[in-house]
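Notes for the one structure printed next.
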Amino acid sequence: MAAVAVGTGTATAAAAADSPETQLLALLNSARHGAGLAPLAADAAVAQVARSWSGHMVGVHARTGDPVIKPAAATDCEQSSLCHNPDLAAQVGTLVPGWTTIGENIGVGGDVAAVNQALLDSPAHYANIMGDFNRVGIGVATEGTTLWATFDFANAPGTPTPVAAAPVSVTALGTNGRYNPVTPVRIADTRTAAGPVAAGGVLQVPVAAVAADATGVVVNLTAADAQSAGYLTAYPCGSATPTASNLNVTAGDTRANLATVALDATTAICVFSSTTTNVVIDLAGWYGATGDAYQATAATRVLDSRSAGGPATSFVVPVAAGSAATVNLTVTDPAAAGYLTAYPCGMDTPLVSNVNFAAGQTIANLATVRVGTSTSICLFSSTPTNVIVDQAGTFAATGATFTSAVPARILDTRNGAPPTPGHTIEVAIAGTRGIPAHATSVVVNLTATGTSTAGYVTAFPCDQAAPTASNLNYDANTTAANLATVPLSATGTLCLTANTTTHLIADIAGWYSN
């Protein structure tokens with residue numbers, strides 16, 4: 083057992099919050115993944131013990147005003163309000179019979195990132211994080227702006243009791259948005275400016291190349307040379323950092339993902355990074371009062387160079403007529419590490435990128451690209467590779483308009499067993515969580531984590547068969563993400579299926595409606 087204090091708090095005790103618990107679980111399993119260990123399942127029964135103990139610590143601290151009570155006392159809980167549960171074994175034994183190993187980490191700090199980093203930096207805490215356990219209960223209690231966290235680890239037979247997901251209400255920031263594509267332009271690159279974003283830090287990027295009434299932007303996010311495994315979250319700067327992510331990376335990784343980010347009165351986007359990394363941001367377009375509307379189509383494969391031409395460094399891809407096309411770009415079997423750039427045909431290749439890849443990798447990224455000459459988009463690859471392009475929709479004078487939202491997590495299977503190959507998950511979208519019943523398509527960031535073998539995820543409306551297309555590709559033992567724009571079924575639902583066993587996470591960024 084181990085304890086760490088990383089900050090102080092004031093004010094009165096508050097109820098345990100689900101969002102920090104979910105974030106701490108994700109960070110814990112990200113660290114285990116980086117060490118080649120299986121993820122821990124969240125156990126609702128053990129979480130009861132952890133939440134109760136965090137509440138106890140907050141209550142003691144609220145009475146004393148300082149974590150340290152009697153430094154020379156004989157037991158933890160006589161020494162400090164930050165103390166271990168002396169009845170942990172008995173309490174876990176009642177709820178989880180037959181356990182063989184238990185452990186506990188406790189900490190207090192100003193935010194999730196600070197608590198997590200302090201635990202990783204402490205050898206005793208790190209040993210528990212990497213310990214021989216199969217489940218964990220995480221309990222967080224808040225005191226003002228301070229988090230008190232308890233992690234109760236156990237190795238026990240049977241299936242962990244799933245932790246019920248907390249209801250999520252989606253906050254809309256702009257309605258009736260119409261899309262305005264731009265020639266891709268780089269708006270931030272910390273490699274040539276302030277240097278890497280520190281772990282737990284936030285990069286604020288003003289977005290000047292949009293109209294004053296803009297309600298959202300479409301940007302390609304790239305994390306370059308990450309120092310450790312982690313993730314990026316993009317959100318409107320006037321909002322708190324949400325429980326969501328856009329991009330996952332491993333140590334030394336350079337990886338990109340498209341993001342649709344709402345704008346508020348700050349007219350700036352913020353990017354939180356859980357790891358120290360450089361961040362590159364390329365603007366693809368923006369939503370405002372004027373522009374084009376979205377016309378969703380059934381996922382249509384418009385290029386597969388594996389059966390038409392083979393590996394190359396340049397491609398011309400005919401797309402449906404419109405001002406811009408939303409396409410899923412998949413690179414497969416590249417000869418060497420490199421990048422792929424999508425741009426309007428008829429112009430010079432811009433100094434931006436859409437997909438970053440390693441030799442032999444299969445990786446995908448969504449792109450919304452302004453349509454160029456001959457109703458086509460062009461692709462440039464820095465090294466020969468095969469490319470697959472699936473069109474999801476187009477922008478034209480008529481169609482659905484966009485509502486931008488603060489990112490919100492609407493699915494996370496890590497609270498239970500991972501879906502098995504071919505299993506279909508149905509997610510209610512329209513008419514729930516504050517999303518109107520007339521929503522017709524959703525913009526959602528999909529993440530696969532805890533993967534055992536390479537595979538792919540397909541998203542589709544639940545009243546249709548799964549198409550011969552993919553939205554997300556992943557390797558074994560990775561966490562991978564990709565944005566998707568997917569039509570909803572007549573009852574407003576989204577379906578997800580993977581061809582191998584993997585946990586799935588979905589974060590909503592907005593929706594289209596007529």
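Numbering of the sequence shown is given in this note's numbering, commencing with residue 83 and proceeding in unit increments. Note that the Cβ used here is the ideal one computed from N, Cα and C, for glycine as well. Because the structure is a prediction, the values reported are computed rather than measured.
Asked                                                                                                                                                                                 : Found
Quick one: grab the DSSP three-state call for I211.                                                                                                                                   : helix
Taking the alpha carbon of M429 as the point to measure from, which residue in H520, L461, C165 has its own alpha carbon closest?                                                     : L461
Going by DSSP, name the residue or residues bridged to L345.                                                                                                                          : DSSP lists no partner for L345.
DSSP three-state label for D234, please.                                                                                                                                              : strand
So for A93, helix, strand or coil by DSSP?                                                                                                                                            : Only weak support exists for where A93 lies, its pLDDT of 20 falling under 50; the value from the coordinates is given anyway. Coil, per DSSP.
Ignore the nearest five residues each way along the sequence and tell me which others in C577's own chain have a CB closer than 6 Å to its CB.                                        : T506, E508, F542, C544
Below 6 Å CB to CB, which residues in the same chain sit around N216 once its five sequence neighbours on both sides are set aside?                                                   : N237
Given T395, which residues of its chain have a CB within under 6 Å of its CB, disregarding the five upstream and five downstream residues?                                            : S463, P466
Consider the Cβ of A338: report whether some Cβ of chain D lies at a distance smaller than 8 Å.                                                                                       : Absent from the structure: chain D. Only one protein chain is present.
Which residues in the same chain as A254 place their Cβ atom closer than 6 Å to its Cβ, once the five residues preceding and following it in sequence are excluded?                   : T485, A487
Terminal residues of the continuous beta strand (DSSP E) containing A195?                                                                                                             : That residue, A195, is in no beta strand (DSSP E); its alpha helix (DSSP H) goes 194 to 203.
Quick check on DSSP: helix, strand or coil for T243?                                                                                                                                  : coil
Is it true that the CB of T575 sits closer than 8 Å to the CB of A558?                                                                                                                : no
Determine which residues share a DSSP beta bridge with P318 and list them.                                                                                                            : I351
Going by DSSP, what residues sit across from S552 in a beta bridge?                                                                                                                   : Note: S552 sits in no beta bridge, so no partner.
Identify every run of the alpha helix (DSSP H) within the segment 397 to 465, keeping only runs that are complete inside it and at least 4 residues long; order them along the chain. : none
Under 8 Å between the Cβ atoms of A375 and T241?                                                                                                                                      : no
Figure out for me which residue from Q546, V361, A566 has the closest Cα to the Cα of N555.                                                                                           : A566
Helix or strand or just coil, what does DSSP make of H166?                                                                                                                            : coil
Check whether the segment 272 to 286 and the segment 343 to 357 are in contact - that is, three or more C-beta pairs closer than 8 Å.                                                 : yes
Once the 5 residues before and after A223 are set aside, which same chain residues still bring their CB inside 6 Å of it?                                                             : A98, S136, G137, V140, W230
Can you say whether H520 is buried or exposed, counting buried as having 16 or more other CB atoms within 10 angstroms of its CB?                                                     : exposed
As a quick exercise: from S552, Y594, L570, E103, pick the residue whose alpha carbon is nearest that of A326.                                                                        : E103
So, does the segment 205 to 212 touch the segment 161 to 181, judging by three or more C-beta pairs under 8 Å?                                                                        : no
Any contact of the segment 296 to 304 with the segment 428 to 446, i.e. 3+ C-beta pairs under 8 Å?                                                                                    : yes
For N596, name the three-state secondary structure that DSSP assigns.                                                                                                                 : coil
Would R496 and P121 qualify as a contact pair, given that the criterion is a beta-carbon distance under 8 Å?                                                                          : yes
In angstroms, rounded to a whole number, what distance separates the CA positions of R383 and I470?                                                                                   : 8 Å
Which residue wins for smallest C-alpha separation from D335, given the options A341, G312, I351, L345?                                                                               : G312
If we ignore side chains and look at the alpha-carbon of each, how far apart do S552 and V539 end up?                                                                                 : 6 Å
Quick one: grab the DSSP three-state call for A129.                                                                                                                                   : helix
Taking the runs of the beta strand (DSSP E) that are 3 residues or longer, which of them lie wholly in the segment 267 to 343?                                                        : 284 to 288, 298 to 306, 312 to 318, 329 to 331
Grouping DSSP H, G and I as helix and E and B as strand, with all else coil, what is W368?                                                                                            : strand
Just how far apart, CA to CA, sit S571 and A547?                                                                                                                                      : 11 Å
If you reduce the DSSP assignment to three classes, tell me which class G219 lands in.                                                                                                : strand
So, with DSSP's three-state summary, where would you put V252?                                                                                                                        : coil
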